[in-house]
Structure formats: structure tokens, C-alpha cells
Amino acid sequence: MHTLRQPAVAGTFYPRDGKVLANEVVSFLNAATPAIDHVSPKAIIVPHAGYVYSGQTAASAYACLSPSRMTIKRVILLGPVHRVPVRGLALPDVEAFVTPLGEIKLDQSAMASIAGLNQVVVSPPAHALEHSLEVQLPFLQTVLDDFQLVPLAVGDATPAEVAEVLDTLWGGPETVIVVSSDLSHFLPYEMAQLVDKETVQNILRLNNTLTHHQACGGTPINGLLLAARHHHLKPKLLELCNSGDTAGDKSRVVGYASFIFIEETSNA
């Protein structure tokens, strides 16, 4: 039986109609400012709000993957749980994820390789309504060709536990890591700018001590930062803004940033 995880936030976070969605994602990517680096990132951090709020910020990082669209075959996608508490990192129990752009097969062998780790669990409820992973899928379907997905809904876990999962799945140029996270939440505009600038500096310094007040995806980010130190990745900030910049209301804003991580041995 072919089991599928159907989209939960199509029509709210992004368009439900496939043609409209495809055009919107392409428009974001076409408007993205090209990164200076010509080497494909090993990892990226992207926001996960509705596309009207953070789609352009996310696109700046996804555009950096497009040159390697035929090389990248596996995406390790991590995002924080918003609705269902989880101890550790949760895998789904389906064979594919669905968006209005089609199906994405899950990498069953890669998931099996981490299933024995104590911090890895299987939790269908954690994935059923989770938007932090789902909103990234149309971008991945647009910038990559033939790839498979390892989706991880991250709950209560230490940086070392997240990094161990990433180390196990690290692979080579065929594997890219995507961490989904917004920054500060519901602060006044000027205060959010100060908090988010500090968070950015922590990420650029690979300081894996972010709190959930600084980034809702602080847990997977901290794990990535720890792994990045081990694997000699160099982070670069691409864009930083908040919902006051993209949607107008500056009384209570949400922060967004996009980063790429390049392997220093690549002479980037």
C-alpha cells in the first residue's frame, strides 16, 4: 500500500492550485539576489511562515541549490514541531509527501539508517499538521530534479542528539541539509531587529546555544551548528527581515533570515 502524507496548509501558507503555486515559487526564485559563492551549499536555514511573509527570504537560499539540481539526490529536512510535543526527532510512517506540485518519495534506506538511534522516533501525529516542513517542499520540488526526502520533526533534543543524526546522514554532494526556522516572535519592530541581529551573529559564529525565543527552530539549528563545526562549514547570511518589512504591521512582528553553509575545503 502506497501511503501518503497529504498537504495540511495548502491554501493557507501557500497557494492550493498547482499552477498558481508553481508560478509564485518561480517568481520568488527569479527575484532572489544571486549569492557570491558558486559552490553548492551543504546546508541552508530558511524561514517557514506563509509565503507572503517569508517566501522571498527563503527563495534567496533555495536559489543557491538550483545549480546543483542534478547532483542533489537526498534532502535532510528538519523543522520544529508546533502542534504535537515530541521527545527527540520524529520520522513519519509514510512513503511519500504530497504537495500541489506532486509527490516526493521518502528515502527509506536513509531513514532506516537512523531508526536505531535512541533519539529518533516515529510519530505520525507530529507530521500530520506540521507546517514547518511542508512549506519547504514546493521550493525543493522547483529547484531540484530527482531527489528523495528525509523529513524530521524536531522536538525536545540536545544539539548533540541532532548533530548525531546529521552526521549519520551527512553523505557527500548528493545530500543537502535544510533547517526550517523563523527567528523572534511577536516583538515590536525595533526590538525584533535587535534580537534577530544578535541571533544572526550567534549563527555566524556557530554558537549552538539558541533559545526558542531567538528562533522557533533553535533546536535543529543548534544541532546543525554543532555539526557545522565538526565538518568545517562556513555560514553566510543571505537575507534578514521581519513581517513588518513584508506585511506592513510593525507592532508585533516575526523575524526571518536565510543562511547558506559552505564546506571550507571547497575553497568557496
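Going by the working numbering, the sequence shown opens with residue 2, and the numbers climb by one from there.
Ideal Cβ placement from N, Cα and C applies to all residues, glycine included.
- Inter-residue distance for residue 176 and residue 168 is about 11 Å (C-alpha atoms, whole angstroms).
- Listed as beta-bridge partners of residue 123 by DSSP are 92.
- For the pair residue 252 and residue 192, the Cα-to-Cα distance works out to about 10 Å.
- In the three-state scheme derived from DSSP, where H, G and I count as helix and E and B as strand, residue 24 is classed as helix.
- A Cβ-Cβ separation of about 7 Å places residue 153 in contact with residue 78 under the 8 Å criterion.
- DSSP places residue 152 in the uninterrupted beta strand (DSSP E) bounded by 149-155.
- Counting every other CB atom within 10 Å of its CB across the protein chains shown gives residue 59 a total of 16 or more, marking it as buried.
- Here the stretch 225-240 lies against the stretch 206-213, with 3 or more beta-carbon pairs under 8 Å apart.
- For residue 75, the enclosing beta strand (DSSP E) stretches over residues 75-81.
- Of the other Cβ atoms in all chains shown, fewer than 16 fall within 10 Å of the Cβ of residue 106; this residue is therefore exposed.
- Note that the C-beta distance between residue 136 and residue 184 is not below 9 Å.
- Rounded to the nearest angstrom, the gap between the Cα atoms of residue 250 and residue 55 is 14 Å.
- With fewer than 16 other Cβ atoms inside 10 Å of its own Cβ, residue 20 counts as exposed.
- In the three-state reduction of the DSSP assignment, residue 260 falls in the strand class, which pools E and B.
- Looking only at 166, 127, 63 and 103, the smallest Cα-Cα distance to residue 119 is reached by 166.
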